[in-house]
Amino acid sequence: TTGGGTAVGGNEHQCTACRYVSNNKSNVMYHVLAKHLNVAPFGCPFCSTAASSYTNTVQHLRRVHKVPRNDASSKFYCSKCSHEANAPLNLLDHFLRAHLFPPATNTTTAAAAAAGVVEQ
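Laid out in C-alpha cells, this is it:
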C-alpha cells in the first residue's frame, strides 16, 4: 500500500520501517511522517506552530487560540506556504507534492536525485 505501510491482515496496516500497526491506513501515514520523516505539514494560521497530524493542530487551535471546534477543523493550513485545504488528506497531498517530493525540473536532475547523486 502507499503511505509507508503494508497490509498485515484483515484491516491492519503496518509501518514498513518499524512494528507500528493500525487498522487505519491514514494513521500509519501520519506515524511515518512524525516518527520516521520528522515532518510537520499542518500549520497554525495564527503562529509558527506546526504538527505532524491535523488532530494535534486542531487541539492547538482550540487550546491556545480559543478557536471553536467547528472552525478549528474546517480549514487546514500548510506549515511551509500559504496553501489552505478543506480536508486534512488534501493538505497532506499538497505538502508531499510541493515540499517533500517536489517534481524535478528536468530528467537529468530527476535521474540524479533517484540515484542519490548530489550535484556540487
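The opening position of the sequence shown corresponds to residue 1 in the working numbering, with each subsequent residue numbered one higher.
Note that the Cβ used here is the ideal one computed from N, Cα and C, for glycine as well.
In this text the structure is predicted, and so the values were computed from the model without any measurement.
Pairwise C-alpha distance: residue j and residue i
i, j, result
"histidine 31", "cysteine 78", "18 angstroms"
"phenylalanine 46", "serine 74", "15 angstroms"
"phenylalanine 42", "arginine 62", "15 angstroms"
"glutamate 12", "threonine 57", "26 angstroms"
"aspartate 93", "tyrosine 20", "22 angstroms"
"asparagine 38", "serine 26", "16 angstroms"
"lysine 80", "tyrosine 54", "15 angstroms"
"serine 22", "valine 28", "6 angstroms"
"alanine 72", "asparagine 90", "16 angstroms"
"glutamate 84", "cysteine 44", "11 angstroms"
Distance cut-off 7 angstroms: residue i Cβ against heavy atoms of the ligand SAM
i, result
"asparagine 11", "The ligand SAM is not part of this structure, which contains no ligands at all."
Per DSSP, the bridge partner or partners of residue i
i, result
"alanine 50", "Gly43"
"tyrosine 77", "Gly43, Glu84"
Pair within 8 angstroms by beta-carbon distance, residue i and residue j
i, j, result
"phenylalanine 101", "proline 88", "no"
"alanine 51", "histidine 65", "no"
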